[in-house]
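Chains C and F, in that order, give the protein sequences.
Sequential numbering of the first sequence, starting at 1, is according to my numbering.
Sequential numbering of the second sequence, starting at 209, is according to my numbering.
C-beta: ideal position from N, C-alpha, C; glycine also.
Below is one structure, written out as structure tokens; comments come after it.
There are 2 protein chains.
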Amino acid sequence: MGISERKEREKQRRIKEIVDAAEKVFFSKGFKNATMEEIAEKAELSKGTLYLYFSSKDHLYGQIMKRSCKILFDRFEDAAAQRKLGADKVDAIGDAYYLFYLEEQDYFNVMINFESKHLSEEDFVAMKTEENCNPHAVLIDSIITGIKDGSIREDVKPVETALILWSFTTGLLQMTSQKKDLLEKGYNMQIDGIIAQACNILDYGIRK
Amino acid sequence: MGISERKEREKQRRIKEIVDAAEKVFFSKGFKNATMEEIAEKAELSKGTLYLYFSSKDHLYGQIMKRSCKILFDRFEDAAAQRKLGADKVDAIGDAYYLFYLEEQDYFNVMINFESKHLSEEDFVAMKTEENCNPHAVLIDSIITGIKDGSIREDVKPVETALILWSFTTGLLQMTSQKKDLLEKGYNMQIDGIIAQACNILDYGIRK
DNA sequence: CAAACAATATGACCACCGGTTATTTTATTT
DNA sequence: AAATAAAATAACCGGTGGTCATATTGTTTG
């Protein structure tokens with residue numbers, strides 16, 4: 001009965017083809033200007049077929065978000081694994097986020113652009129557990145490590161602090177990507193310098 | 209020749225009527241689900257007339273952004289004026305931002321939701337100077353004050369740091385507003401506590 | 001006052017797009 | 001080979017941002 005397995009494989013392949021096509025279009029056009037028609041074209045399918053696999057444009061966009069999340073998560077894990085001290089792990093995660101922003105701008109933009117409108121919060125949580133991909137968790141672990149090894153203030157709460165660091169950094173990178181030109185050309189500021197200053201402030205803020 | 213002035217007044221009044229109507233619709237429906245037709249209805253005009261005053265839905269949304277900015281700016285100025293020490297001013301501005309988030313959720317959401325798509329960066333900068341409304345500037349001044357009066361580390365750069373604090377706080381509030389339910393109901397965390405922890409980290413980060 | 005003119009406002013109209021569905025094509029089973 | 005199931009299609013629909021020819025209102029001038 002290898003037939004149903006083959007069917008399943010083909011289905012997964014088709015799904016991947018569609019998501020690949022969607023990714024290209026979303027990357028080049030942005031969410032709003034991307035059309036289902038163009039995605040279908042690029043996938044060499046008709047528009048109606050897309051809806052056999054994904055219930056909406058938003059849902060399809062969510063798949064790209066999934067990929068972004070996975071890539072970032074892997075980078076976070078790598079970064080944290082290469083350091084011993086908790087505080088250093090946290091720093092490394094921050095650096096990894098910045099590198100992600102520099103090297104994976106398209107995925108980064110999807111993450112930033114992604115609003116809860118596109119996917120329900122439940123789907124989103126389910127996605128993270130299903131894919132075992134929760135960047136936030138890596139951060140929590142590193143902070144706990146840091147408190148234990150004495151590199152991080154013991155009066156900060158790990159979960160809260162992870163959330164804070166995560167949202168701080170996201171906010172910073174979001175602003176940076178939106179105002180990059182203005183900052184560099186208009187105000188003659190270096191993004192690198194801003195990031196370094198920010199990391200410094202956070203270091204002062206959480207290290208013992 | 210009071211006639212042209214009257215015309216001008218009437219034009220400004222009409223503009224205000226339209227923006228008021230747009231505000232109501234945007235607040236209740238969100239940007240995407242708001243329709244120009246409904247805005248026109250609420251303003252007791254036809255849709256075509258809206259385009260005599262505003263070139264697009266995005267531009268109209270930008271007007272609400274303008275208002276949000278003004279309200280926040282005023283709160284920032286008030287907050288900073290009530291403190292003497294620079295570091296305290298910075299704290300007060302942070303608190304003001306949090307209060308803005310709590311008390312002006314609609315305007316807050318517009319600020320958060322507002323993407324560069326809606327308005328070109330040039331228009332945006334022009335808007336701020338024209339309306340003399342630059343929340344960022346208040347923050348810079350407070351940091352400079354703080355460095356002078358010795359309440360803030362003298363090795364931080366004011367402009368960069370202002371940008372950083374601004375984007376940090378925006379990121380935090382954005383995350384908070386998006387995941388409020390999940391945090392409070394799912395993880396049993398208090399938003400207040402998260403904010404307090406965040407302020408504490410930033411205090412450690414910039415105070416001398 | 002009326003005719004000419006300018007301004008403001010209207011609503012019918014267009015193009016586009018996300019999503020649906022009846023129909024056709026392809027693959028599988030009997 | 002006929003029957004059945006699965007997959008894909010293309011025509012279609014409703015809604016929306018934006019436009020434009022036309023109409024309405026207000027102002028100026030002879």
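Original post:
Under 7 Å, do Val333 of chain F and Ile348 of chain F count as touching if we go by C-beta distance?
Top reply: By one-based count along the second sequence, residue 333 of chain F stands at place 125. By one-based count along the second sequence, residue 348 of chain F stands at place 140. The answer is no: Cβ separation not under 7 Å.
**OP:** Verify whether the separation of the beta carbon atoms of Lys297 of chain F and Ala288 of chain F is less than 7 Å.
**Re:** Here residue 297 of chain F corresponds to residue number 89 of the second sequence, with the count starting at 1. Here residue 288 of chain F corresponds to residue number 80 of the second sequence, with the count starting at 1. Against a cut-off of 7 Å, the Cβ pair of Ala288 of chain F and Lys297 of chain F comes out as a contact.
Original post:
Helix, strand or coil: which one does DSSP assign to Arg14 of chain C?
Top reply: Residue 14 of chain C sits at position 14 when you count from the first residue of the first sequence. Residue state, collapsed to three classes: helix.
Original post:
Is it right to say Ala404 of chain F is buried, meaning 16 or more other beta carbons lie within 10 angstroms of its own, or is it exposed?
Top reply: Mapped onto the second sequence, residue 404 of chain F falls at position 196. Flag for Ala404 of chain F reads exposed.
Original post:
Of all the options F:Leu258, F:Phe239, F:Lys250 and F:Met244, which has the alpha carbon lying nearest to the alpha carbon of Ile223 of chain F?
Top reply: Reading the second sequence from its first residue, position 15 is the one you call residue 223 of chain F. That would be F:Leu258, whose Cα lies nearest to the Cα of Ile223 of chain F.
Original post:
Which residues share a DSSP beta bridge with Arg291 of chain F?
Top reply: As a working note, residue 291 of chain F is residue 83 in the second sequence. None, per the DSSP bridge assignment.
Original post:
the region 369 to 380 of chain F: which residues have C-beta closer than 9 Å to a C-beta of chain C, in chain order?
Top reply: Thr369, Leu371, Ile372, Leu373, Trp374, Ser375, Phe376, Thr377, Thr378, Gly379 and Leu380
Subject >> Contact list for the region 240 to 262 of chain F against chain C, Cβ threshold 8 Å >> reply: Lys240
**OP:** Measure the alpha-carbon distance for Gly94 of chain C versus Gly270 of chain F and round it to whole angstroms.
**Re:** On the first sequence, position 94 is the one that residue 94 of chain C refers to. On the second sequence, position 62 is the one that residue 270 of chain F refers to. Approximately 33 Å, taken between the alpha carbons.
**OP:** Output, in chain order, the set of chain F residues within a Cβ distance shorter than 8 Å of Leu202 of chain C.
**Re:** Here residue 202 of chain C refers to the residue found at position 202 when the first sequence is read from its first residue. Here the neighbours are Ile409 and Gly413.
**OP:** Would you give the residue range spanned by the alpha helix (DSSP H) that Lys387 of chain F belongs to?
**Re:** Locating residue 387 of chain F in the second sequence gives position 179, where the first residue counts as 1. Run containing Lys387 of chain F: Pro366 to Asp389, per the alpha helix (DSSP H) assignment.
**OP:** Report buried or exposed for Gly2 of chain C, applying the criterion of at least 16 other Cβ atoms within 10 angstroms of its Cβ.
**Re:** Position 2 of the first sequence, counted from the start, is the residue given in the question as residue 2 of chain C. Classification for Gly2 of chain C: exposed.
Original post:
For the putative contact between Thr384 of chain F and Ile372 of chain F, defined by C-beta atoms under 8 Å, what is the C-beta separation to the nearest angstrom?
Top reply: Your numbering for residue 384 of chain F matches position 176 in the second sequence. Your numbering for residue 372 of chain F matches position 164 in the second sequence. About 18 Å; that fails the 8 Å criterion.
**OP:** From the DSSP output, in three-state form, read off Arg361 of chain F for me.
**Re:** On the second sequence, residue 361 of chain F is found 153 positions in, with the first residue counted as 1. It is coil, neither helix nor strand.
Original post:
Tell me which same chain residues have a C-beta within less than 7 Å of the C-beta of Ala198 of chain C, skipping the five on either side of it?
Top reply: Numbered from its first residue, the first sequence carries residue 198 of chain C at position 198. Cβ neighbours of Ala198 of chain C beyond the five flanking positions: Leu172.
Subject >> Spatial neighbours of Met189 of chain C in its chain, beta-carbon cut-off 6 Å, leaving aside the 5 residues before and after >> reply: As a working mapping, residue 189 of chain C is identified with position 189 in the first sequence. If we look at Met189 of chain C and ignore the five residues flanking it on each side, its Cβ neighbours are Leu183.
**OP:** Return yes when the Cβ of Lys84 of chain C is within less than 7 Å of the Cβ of Arg153 of chain C, no when it is not.
**Re:** For the purposes of this step, residue 153 of chain C is taken as the residue at position 153 of the first sequence. For the purposes of this step, residue 84 of chain C is taken as the residue at position 84 of the first sequence. Contact flag unset, no.
Original post:
From Gln263 of chain F to His326 of chain F, what distance separates their C-alpha atoms?
Top reply: Here residue 263 of chain F refers to the residue found at position 55 of the second sequence. Here residue 326 of chain F refers to the residue found at position 118 of the second sequence. In the sequence as displayed, the identity of residue 263 of chain F is Ser instead of Gln. If you take the alpha carbons of Ser263 of chain F and His326 of chain F, they lie about 12 Å apart.
Original post:
What residue does the alpha helix (DSSP H) around Tyr53 of chain C start on, and which one ends it?
Top reply: The count along the first sequence starts at 1 and reaches residue 53 of chain C at position 53. From DSSP, the alpha helix (DSSP H) with Tyr53 of chain C extends over Lys47 to Tyr53.
Original post:
Taking buried to mean at least 16 other C-beta atoms within 10 Å of its own C-beta, is Tyr309 of chain F buried or exposed?
Top reply: On the second sequence, residue 309 of chain F is found 101 positions in, with the first residue counted as 1. Its Cβ being crowded by 16 or more others within 10 Å, Tyr309 of chain F is buried.
Original post:
Does the beta-carbon distance from Val318 of chain F to Ile272 of chain F come in below 7 Å?
Top reply: Residue mapping note: residue 318 of chain F aligns to position 110 of the second sequence, counting from 1. Residue mapping note: residue 272 of chain F aligns to position 64 of the second sequence, counting from 1. Contact: yes.
**OP:** Note down, in chain order, every chain C residue with its Cβ under 9 Å from the Cβ of Val364 of chain F.
**Re:** Taking the second sequence and counting its residues from 1, one reaches residue 364 of chain F at position 156. Those within 9 Å of Val364 of chain F in chain C are Gln197, Asn200 and Ile201.
Original post:
Is the beta carbon of Gly488 of chain F less than 7 Å from the beta carbon of Ser350 of chain F?
Top reply: Residue numbering for chain F in the displayed model covers 209 to 416; residue 488 of chain F lies beyond these limits and cannot be assessed.
Original post:
Is the CB of Met273 of chain F under 7 Å away from at least one CB in chain C?
Top reply: Indexing the second sequence from 1 puts residue 273 of chain F at position 65. No, because no Cβ of chain C sits closer than 7 Å to the Cβ of Met273 of chain F.
Original post:
Is the CB of Met209 of chain F under 7 Å away from at least one CB in chain C?
Top reply: The residue given as residue 209 of chain F occupies position 1 in the second sequence. Note on Met209 of chain F: pLDDT 49, under 50, position unreliable in the model; the coordinate value appears next. No, Met209 of chain F does not count as interfacial toward chain C.
Original post:
Once you ignore the five residues that flank Ser276 of chain F on each side, which residues in its own chain have a CB closer than 6 Å to its CB?
Top reply: Position 68 of the second sequence, counted from the start, is the residue given in the question as residue 276 of chain F. The answer, listed in chain order, is Tyr315, Val318 and Met319.
**OP:** Quick one: give me the first and last residue of the alpha helix (DSSP H) that Cys199 of chain C is part of.
**Re:** Taking the first residue of the first sequence as 1, we reach residue 199 of chain C at position 199. Residues Ile191 to Ile206.
Original post:
Does the Cβ of Gly358 of chain F have 16 or more other Cβ atoms within 10 Å, making it buried, or fewer, making it exposed?
Top reply: Here residue 358 of chain F corresponds to residue number 150 of the second sequence, with the count starting at 1. Exposed, since its Cβ has fewer than 16 Cβ neighbours within 10 Å.
**OP:** Alpha carbon to alpha carbon, how far is Met244 of chain F from Ser33 of chain C? Give it in angstroms, no decimals.
**Re:** Mapped onto the first sequence, residue 33 of chain C falls at position 33. Mapped onto the second sequence, residue 244 of chain F falls at position 36. Per the sequence shown, residue 33 of chain C should be read as Asn rather than Ser. So the two alpha carbons sit approximately 19 Å from each other.
Original post:
Which residues of chain C have a Cβ atom closer than 7 Å to the Cβ of Gly401 of chain F, listed in chain order?
Top reply: Within the second sequence, the letter at position 193 stands for residue 401 of chain F. Neighbours of Gly401 of chain F on chain C, chain order: Glu160.
Subject >> Ser359 of chain F: contacting residues in chain C (beta-carbon distance under 9 Å) >> reply: To locate residue 359 of chain F, count along the second sequence from 1; it is residue 151. Within chain C, no residue comes near Ser359 of chain F; the closest Cβ sits about 15 Å away, beyond 9 Å.
Original post:
Near Thr220 of chain C, what residues of its chain come up, given a Cβ to Cβ distance below 7 Å and the 5 sequence neighbours on each side ignored?
Top reply: The first residue shown for chain C is 1 and the last is 208, placing residue 220 of chain C beyond what the model contains.
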